[in-house]
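Here the protein sequences line up with chains F and U, keeping their order.
Mapping to my numbering: the first sequence position 30 is 30, numbers consecutive.
Numbers given in my numbering equal positions in the second sequence, counted from 1, plus 1000.
Cβ atoms here follow ideal geometry from the backbone N, Cα and C, with glycine treated the same way.
Reviewing the structure listed below.
Number of protein chains: 2
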Amino acid sequence: MARPSLSRDAIVDAAVALADDGGMGAVTMRAVAGKLGVEAMSLYHHVGDKRGLLEAAAERVWAQVDTTSRDSPMDASDWADDVRHIASCAYETLLAHAWALDVASSAGGEPRMRVIEAILDALTRAGLSSDDVYEGYHLIDAVILGYVAQQASYRGETGSGAGASAGAGAIPAGLDRVLEHAAAHQLERGPQSGFRIGLDLVLDSLARRVPAA
Amino acid sequence: MARPSLSRDAIVDAAVALADDGGMGAVTMRAVAGKLGVEAMSLYHHVGDKRGLLEAAAERVWAQVDTTSRDSPMDASDWADDVRHIASCAYETLLAHAWALDVASSAGGEPRMRVIEAILDALTRAGLSSDDVYEGYHLIDAVILGYVAQQASYRGETGSGAGASAGAGAIPAGLDRVLEHAAAHQLERGPQSGFRIGLDLVLDSLARRVPAA
DNA sequence: ACCTGAACACCGTTCAAGT
DNA sequence: ACCTGAACACCGTTCAAGT
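Next up, the structure:
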């Protein structure tokens, strides 16, 4: 039973695996098929399109984000912890599959909507005005996507080039702050450290906008 | 003088133009050459690589961001306005050329470093601790990149699909907050409105961390 | 119903040849 | 020095044919 007759799920799995090591460019209809011991054209009986396959792969990534609240679902006081939990999980997951961010415009499908729902729900439970829920969600989402993009690009920079010191070409003379900043990057930091600091700063600002009980 | 003998600049210009309408996928060595009335292989005398060409194109986009401070260069009090000015300009520019964000990991080159320098300089002038400058820059950068990604994906969603109402497929039952949120999206809002609100929230938080003079 | 070989219209890139 | 035709090894996708 090396091949359970080829299923859509198996195809999407193979695409995710290929993208994880090798990036989105490594996802080729022929490569996906090869990984499943089948010819490229067989895939079209299950996925319709390469675009559709990539969207399904991105959706699978979003589905890995844990959106369950940690404690009693109606507890308003821990709304910030709930957001922290969901956002951290999303950050970690997306960073592990950074290619998922480059897939199509509106990728993510229902799994992504569940993440959005969970964040909106936490902000609503906090007692924020509906305007603040609206704007707060966008800010939190931007922070997640932004830090993932930032961190992914920083990784790619030091992971591939010959000399790991200078980054994307030496820093031109006169950009002294950038030079300092690059040096500060060398310091040891915990995982998520920058992201968590930024997220907490945003959450504190939002907490200040909760009307007094 | 239809063809000033083909220059690297002209090639990069053509690549930017093709990407602006048609996305990164429209940038093809053959298409770029065609736009310049030349054969594809001629490009290799000036750019070396398609990757290099795309990086040069992204660099040209970053170069459009205005990094000049608005008033006396040593004025510390307007550091927040300076950040607002640079960040808004970056947001607008990147949104107009959203493909530039998908180019290679560390794209942007020296022009992007100048943007980073300007932001770091403003935060330093504010009198923030070096740790806060470090983390504050990352947060601001994440906010810029995040809102651009968010807005670009929202655009792509309503710009292409058949029915403009539902977005990326209808919203599944049970996701009531998402439904509300999608409805709120229909309201008229100024350009940059979400981004400016998020950015201001972040800048306020940073301002609170400036040690008292 | 599911799989496949051959084929089509594309890619990026190389290389020897032209001027 | 700069440009190019032909060619190579790839793409995604279609289609008629096999089982």
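Assigned exposure category for residue i - 16 Cβ within 10 Å defines buried
i       : result
F:G146  : buried
F:R189  : exposed
U:D1200 : exposed
F:A164  : Any reading at F:A164 must be qualified, since the residue scores a pLDDT of 33, below 50, and its modelled position is unreliable; the value itself is stated next. Exposed, by the Cβ-count rule.
F:A151  : The residue asked about is misnamed: residue 151 of chain F is Gln in this sequence, not Ala. F:Q151 should be labelled buried.
F:L187  : exposed
F:D9    : exposed
F:G198  : buried
U:D1021 : exposed
U:G1194 : buried
U:Y1137 : buried
F:A212  : exposed
Chain U residues whose Cβ lies nearer than 9 Å to that of residue i
i      : result
F:Q192 : None at all; the shortest Cβ gap to chain U is about 12 Å.
F:D82  : In chain order: nothing, as chain U lies at least about 13 Å away.
Residue j beta carbon less than 8 Å from that of residue i
i       : j       : result
U:L1036 : U:L1006 : yes
U:A1096 : U:A1058 : no
F:R84   : F:L203  : yes
F:L120  : F:W79   : no
F:I11   : F:V47   : yes
F:D132  : F:R209  : yes
F:L206  : F:V148  : no
F:A98   : F:I144  : no
F:A63   : F:P111  : yes
Beta-carbon neighbours of residue i, restricted to chain U and to distances below 8 Å
i      : result
F:G146 : D1141, A1142, V1143, I1144, L1145, G1146, Y1147 and A1149
F:M113 : I1171, P1172, L1175 and V1178
F:A184 : S1130 and Y1134
F:D21  : Simply none; closest approach about 16 Å.
Pick from the options that is closest to residue i, judged by C-alpha positions
i       : options                               : result
F:S69   : F:I86, F:R60, F:E55 and F:P172        : F:I86
F:K50   : F:V103, F:G109 and F:I171             : F:V103
U:R1196 : F:D200, F:P211 and F:E135             : F:E135
U:V1178 : F:V115, F:R30 and F:V32               : F:V115
F:S129  : U:H1181, U:G1174 and U:H1045          : U:H1181
U:I1171 : F:D82, F:A183, F:E117 and F:S42       : F:E117
U:R1155 : U:D1176, U:Y1137 and U:P1191          : U:P1191
U:A1173 : F:V16, F:M113 and F:Y44               : F:M113
F:L175  : U:A1019, U:Y1044 and U:T1067          : U:T1067
F:E92   : F:V65, F:Y44 and F:G127               : F:V65
U:A1056 : U:S1153, U:D1013, U:L1139 and U:H1185 : U:D1013
Same chain only: Cβ atoms within 6 Å of residue i, ignoring 5 sequence neighbours per side
i       : result
F:A40   : M29, R30 and A33
U:G1109 : E1059
F:G23   : W99
Cβ-based neighbour list, residue i, same chain, cut-off 7 Å, excluding 5 preceding and 5 following
i       : result
F:G161  : Interpretation of F:G161 is limited by its pLDDT of 41, a score under 50 that renders its predicted location unreliable; the figure taken from the coordinates is listed afterwards. If we look at F:G161 and ignore the five residues flanking it on each side, it has no Cβ neighbours.
U:S1042 : L1006 and A1033
U:L1018 : A1026, V1027, A1031, V1032 and K1035
Per-residue contacts from residue i into chain U (C-beta, under 7 Å)
i      : result
F:T124 : R1177
F:V210 : Neighbours of F:V210 on chain U: none; closest Cβ ~14 Å, over 7 Å.
F:H215 : Outside the displayed range of chain F (1 to 213) lies residue 215 of chain F, so it cannot be described from this structure.
Chain-ordered chain F contacts of residue i [CB-CB under 7 Å]
i       : result
U:I1197 : E135
U:I1086 : Correct list: empty, because the minimum Cβ distance to chain F is about 13 Å.
U:L1120 : R177, V178 and H181
Chain-ordered neighbours of residue i on chain F, where CB pairs are closer than 8 Å
i       : result
U:D1204 : S205
U:D1102 : D102
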